[in-house]
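Comments concern the structure below.
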Amino acid sequence: MTAHEDLEPTVLIAHLSDPHLRTDALAAEPAASLRHALGRVLALDPRPDCVVITGDLTEHGDVDAYAQLRQVIGDFPLPLHLTTGNHDHPAALLEVFGGTSFLGGATSTHYAVAHPGFTVIALDSWQHGTPAGHVGDDQLSWLDDVLAQRPDVPAFVCLHHPPVEVGLPFLDGMRLDNGPALGAVLSRHHNVARVLAGHVHRVVSAPFAGTSVSVAPSTYRQTSLTLRADRQTGYLAEPTGFLLHVATGTGFATHTVPVSHAGALIGGF
Numbered sequence: 001m002t003a004h005e006d007l008e009p010t011v012l013i014a015h016l017s018d019p020h021l022r023t024d025a026l027a028a029e030p031a032a033s034l035r036h037a038l039g040r041v042l043a044l045d046p047r048p049d050c051v052v053i054t055g056d057l058t059e060h061g062d063v064d065a066y067a068q069l070r071q072v073i074g075d076f077p078l079p080l081h082l083t084t085g086n087h088d089h090p091a092a093l094l095e096v097f098g099g100t101s102f103l104g105g106a107t108s109t110h111y112a113v114a115h116p117g118f119t120v121i122a123l124d125s126w127q128h129g130t131p132a133g134h135v136g137d138d139q140l141s142w143l144d145d146v147l148a149q150r151p152d153v154p155a156f157v158c159l160h161h162p163p164v165e166v167g168l169p170f171l172d173g174m175r176l177d178n179g180p181a182l183g184a185v186l187s188r189h190h191n192v193a194r195v196l197a198g199h200v201h202r203v204v205s206a207p208f209a210g211t212s213v214s215v216a217p218s219t220y221r222q223t224s225l226t227l228r229a230d231r232q233t234g235y236l237a238e239p240t241g242f243l244l245h246v247a248t249g250t251g252f253a254t255h256t257v258p259v260s261h262a263g264a265l266i267g268g269f
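34 is the number that the UniProt record's numbering gives to position 34 of the sequence shown; each next residue is one higher, with no gaps.
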């Protein structure tokens, strides 16, 4: 064994997305799938420092679905941070989770949490009446200030909508509609380790504004790999999973952790 083989990573972040919880006759599977994924997180050794869920927490954005989400995650023993997606509704999310640790103790759907070795910054990219995302000027100014407060500490900027094209025409038509404005803010700072996103229901990585975008798979259903605009996009029962962002000696590595089709330990909570 070398001198480095017994060292644990200094930062571990589990990145989940798109659980799409609901309260109708189809409610059981998405809730069970999310709990299964969180159990897999707890079985990791060492356990992550925190979990981020990048939006589409619910299917219809109703208060009862957020109450169901709170039942699923309420006893989870690790710090867990939520962001809004286009299927969510910020007011309903705040009604159930406002002021709790799941929103960083904030009464807003954009917030920052200063962990000892990194910062989690959650943005709200929800827009009324459209599945596309937008981060307004007030949030961008706030983000600029937050990134400047800990310039030597890695920051993970979390939002639902990818700010760049991912090569899937259907999803690219509803990405963050002001990605260049977000990129202009991020490019002024050198501590952005990753932009964490969801929305696509597939694992995707892409360079962006001097850093990289990591898109997590859904804990429920994956999107078909439809690369042509004249082909139908749909949802598949492909393996569920999440991403694990791991500190290394040169930055961060990102691993895909399978859940539904993996013969792996599942923790209880």
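Even glycine gets a Cβ: it sits at the ideal position worked out from N, Cα and C.
Please read these numbers as outputs of a predicted model, since none were measured by experiment.
| request: On a CA-only basis, which of H115, H81, T130 and A193 is nearest A106? Give me that one, please. | output: H81
| request: Would you check if the segment 158–165 and the segment 219–239 touch, i.e. whether three or more CB-CB distances between them fall below 8 Å? | output: no
| message | Taking the alpha-carbon of V96 as reference, which of P77, A27, L34 and Q71 has the nearest alpha-carbon? | response | Q71
| task | Look at the alpha carbon of M1 and the alpha carbon of D45, and state the distance between them as a whole number of angstroms. | result | Summary for M1: the model assigns pLDDT 41, below 50, so the residue's position carries little reliability; its value from the coordinates is reported in the next sentence. So the alpha carbons of these two residues sit roughly 19 Å apart.
| query | Can you tell which of D49, S33 and A25 has its C-alpha closest to the C-alpha of residue 272? | reply | Given a span of 1 to 269 for the chain in the structure shown, any question on residue 272 remains unanswerable.
| said: Could you check whether the segment 12–22 touches the segment 231–245, counting it as contact only if at least three pairs of C-beta atoms, one from each stretch, sit closer than 8 Å? | reply: yes
| message | For S205, which residues in the same chain have their Cβ closer than 8 Å to its Cβ, ignoring the five residues on either side in sequence? | response | S212, V213, S214, V215 and T254
| message | From the DSSP secondary-structure annotation, give me the bridge partner or partners of P258. | response | G241
| query | For A91, which of S260, A65 and G198 has the nearest alpha-carbon? | reply | A65
| Does the segment 134–154 touch the segment 105–121, meaning 3 or more C-beta pairs lie closer than 8 Å? | yes
| said: Using only CA atoms, which one of E238, F170 and T250 lies nearest to D230? | reply: F170
| message | Can you list, in chain order, the residues of its chain with a C-beta nearer than 8 Å to that of P258? Leave out the 5 residues immediately preceding and following it. | response | P239, T240, G241 and A264
| request: Would you please state the rounded distance, in angstroms, between the beta carbons of T58 and L34? I believe it to be under 8 Å. | output: At roughly 11 Å, the Cβ-Cβ gap does not stay under 8 Å, so T58 and L34 are not in contact.
| Proximity of N178 and P131 at Cβ, strictly below 7 Å | no
| request: With DSSP collapsed to three states, give me the class of T2. | output: Only weak support is given to the placement of T2: the predicted model assigns it a pLDDT of 47, under 50, and the value that follows is read from those uncertain coordinates. The answer is coil: DSSP assigns T2 none of H, G, I, E or B.
| field | Short Cβ contact (7 Å threshold) for G267 with A43 | value | yes
| request: Give every residue of the same chain whose Cβ lies closer than 7 Å to the Cβ of T256, excluding the five residues on either side of it in the sequence, and list them in chain order. | output: V203, G241 and L243
| request: Kindly indicate which three-state DSSP category Q222 falls into: helix, strand or coil? | output: strand
| Delimiting residues of the alpha helix (DSSP H) encompassing V63 | V63 to I73
| query | Can the beta-carbon of T54 be found closer than 7 Å to that of T100? | reply | no
| request: Would you identify the three-state DSSP class for F269, choosing helix, strand or coil? | output: coil
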